[in-house]
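Asker: Protein chains in written order, with my numbering: chain Z, 7 to 222; chain U, 7 to 222.
Just so you know, even glycine gets a beta-carbon here, dropped at the ideal spot from N, CA and C.
None of these values were measured; they are calculated from a predicted model.
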DNA sequence: ATGTGTGAACTATTTCACAGCC
DNA sequence: GGCTGTGAAATAGTTCACACAT
C-alpha cells in the first residue's frame, strides 16, 4: 500500500516528540488522509490498535517498517551523476531508512573518479560487476532520456527487479520488474493545469463552491 | 487529468520522428497505458480523432498543450538551493515546456550571491518581493523539512496557489491552494515493499497453505 | 476495413456508520 | 465515553465490446 511510508513518517515524528499513543483521527490529520481510510489501511496489516485508546506509536512504527521491508537493508546503485544524481547521492533520507548506496556510476570520463558524498564515481562499464558484488537490488536511473532504456535493460539483465527512474521516458521492462517514475516536469504541468483552471473559474462563477467542485 | 503530460511527451517524440498520424493503440503503447483508457481520456477533451484513421500528431499535441495551460508561460521560484535545488535550477525540462524560473532563494548567506544556472541566488528575505515583481504563480520548495511549512505559509500569503514540495513533510494549506509532493525516500520504500514481496512471496504462500491445512 | 467514441459491465477505492471492545 | 475494526453504500476509475464514421 502506497500510503504506508507516509504513516511511517508521521509516526516517526510523533515518536521523536515522545508521543506514546495516537488515535486514528490524529494520525490521519498528520498524514493528510481521512481517518476511516487510515484505519482500513492499518487493519489490513493486522489488528494493532486498542479500542477506546488508539495505537501505540512505537509498536505501530515497527509493524509498518516490517511490512515495508525496512527491517532489512536494501542496496542501491545510482546511475548518472549529473546534478540530480549528486543530489540523490547526498540525500540523507536514504541511509536513515535502510537504503545503502553501494555506488555511483557514470559514462562521462570527466565525472568518473570524482569523490561525491564519500564515494568514488565508477565507470558505467563496472555496472554488472557492481550489481553482483554488492548485491544491488534497487537501481536509480538519473541519466538523460536517451541512455535510460539501454541502461535499464542492462540492470534487468544483471538481475535487478526494482528501478526508480528519473529520466523522462517510459521504460519497458519484462514481467516481474517494478519501475517507479519521478518526473519533475510532469508535476509542474499538473500544477499548471490546476492553476489555469483556478484562473478561469471565478470569471464564470465567483463562488468558492464552484472552485471546490472543479477541484473535486 | 494526470496522464495528459505523459501523452504530451509521447506525442512530442513522435512529432520529432516526423510521424503525422497515430492510432490510440500505438500512442497507448508509447505512453504505457491501455488504449481504451487513452481514448476515453482524449475524448474528454473533445473529439480530436478521425475514425478509421487515428489522431493527427501536431493537432493533438496543440490541443493537449492548451488543455494543460502550456500555451502560456508560468513563472516559477525555487526555494532552497541545496543539491536538489541546484539540480532543479539546471533542469532543461522546465524551460522547454513553458516554465520560466524567475529566481533562486536560500537562507544560507554562504549560498546567497552564488551564480547557478545563470541566476544569482537571492536571500529568502526577498521572497515576497520576488513573487510580486515577477508574477510567480508556482513555487518549488526544496528546503529541509523543518523550514518547509513556514516558507509555504509565506508564499501562500504572498498569493501563490501552487506549490511543488520536495521536503519530506505534509504541508497544510488553505482551501484553493494545490500542493504536489515528490518524496524520494517514499518511492524507494514502495519499491522495497514490492521487492520484499517478490523474495518472500512463494515461501510464505507455501507456509500459510500448510498452516491452513493443519488447522482445518 | 479500420479505428474512434462511448454506453455498459466490471473492478478498485473511499467514505459512511455502527457494532463491539476497552 | 471513546476509538477501533469492518460490513455496507457510495464513488471513482478501468476495461470491454461494438455502433458508427471515414
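1. Identify whether residue 171 of chain Z lies in helix, strand or coil by the three-state DSSP scheme.
2. Under three-state DSSP, which class holds residue 120 of chain Z?
3. Nearest by alpha-carbon distance to residue 135 of chain U: which of U:196, U:64 and U:83 is it?
4. With a threshold of 7 Å on Cβ separation, who are the neighbours of residue 185 of chain Z within its own chain once the five nearest residues in sequence on each side are excluded?
5. Within the region 137 to 206 of chain U, note down every full beta strand (DSSP E) run reaching 3 residues or more, in order along the chain.
6. Give a yes or no on whether the C-beta atoms belonging to residue 54 of chain U and residue 67 of chain U are separated by under 8 Å.
7. Mind pulling the chain U residues with CB within less than 7 Å of residue 202 of chain Z?
8. Which residues in chain Z sit within 9 Å of residue 97 of chain U, going by Cβ to Cβ distance?
9. Throw me the rounded Cβ distance for the residue 96 of chain U and residue 89 of chain Z pair, which I believe falls under 8 Å.
10. Mind listing the chain U neighbours of residue 167 of chain Z? Cutoff is C-beta to C-beta under 7 Å, in chain order.
11. Can you tell me whether residue 6 of chain Z is buried or exposed? The criterion is at least 16 other CB atoms within 10 Å of its CB, across all chains shown.
12. For residue 176 of chain U, would you say it is in contact with chain Z, using Cβ-to-Cβ distances shorter than 8 Å as the test?
13. Rank Z:143, Z:94 and Z:81 by C-alpha distance to the C-alpha of residue 162 of chain Z and give the top, closest one.
14. Fully enclosed by the region 44 to 113 of chain Z, which alpha helix (DSSP H) runs are 4 residues long or longer?
15. Since residue 69 of chain Z meets chain U, which of its residues come closer than 9 Å, beta carbon to beta carbon?
16. Taking Cβ positions only, does residue 217 of chain Z come closer than 8 Å to chain U?
17. Rounded to whole angstroms, what is the Cα-Cα separation between residue 27 of chain Z and residue 45 of chain Z?
18. I believe residue 87 of chain U touches residue 112 of chain U by the beta-carbon criterion, under 8 Å. Please report the beta-carbon distance rounded to the nearest angstrom.
Answerer: So, from the listed chains and residues:
1. Three-state result, residue 171 of chain Z: strand.
2. Three-state result, residue 120 of chain Z: coil.
3. Ranking the options by Cα distance to residue 135 of chain U, first place goes to U:83.
4. Excluding positions up to five away in sequence, the list reads 169, 171, 177 and 179.
5. Taken in chain order, the whole beta strand (DSSP E) runs of length 3 or more contained in the region 137 to 206 of chain U are 144 to 147, 168 to 171 and 184 to 187.
6. With contacts defined by Cβ atoms closer than 8 Å, residue 54 of chain U and residue 67 of chain U do not form a contacting pair.
7. Close to residue 202 of chain Z, with beta-carbon spacing below 7 Å, are these residues of chain U in chain order: 75.
8. One finds 89, 90, 190 and 191 in chain Z with Cβ atoms closer than 9 Å to the Cβ of residue 97 of chain U, taken in chain order.
9. Contact between residue 96 of chain U and residue 89 of chain Z holds: their C-beta atoms lie close to 5 Å from each other, under 8 Å.
10. Near residue 167 of chain Z (Cβ distances below 7 Å), the residues of chain U are 201 and 204.
11. With chain Z covering 7 to 222 only, the question about residue 6 of chain Z has no answer from this structure.
12. Taking Cβ atoms only, chain Z reaches closer than 8 Å to residue 176 of chain U, which makes this a yes.
13. Comparing Cα-Cα distances from residue 162 of chain Z to each of Z:143, Z:94 and Z:81, the minimum goes to Z:143.
14. List check, alpha helix (DSSP H) in window: 63 to 74, 89 to 95 and 98 to 101.
15. Neighbours of residue 69 of chain Z on chain U: none; closest Cβ ~13 Å, over 9 Å.
16. Its pLDDT being 28, under 50, residue 217 of chain Z is placed unreliably in this model, and the value from its coordinates should be taken loosely. At least one chain U Cβ lies under 8 Å of residue 217 of chain Z.
17. So the two alpha carbons sit approximately 15 Å from each other.
18. Indeed, because the Cβ distance is near 4 Å, the residues count as touching under 8 Å.
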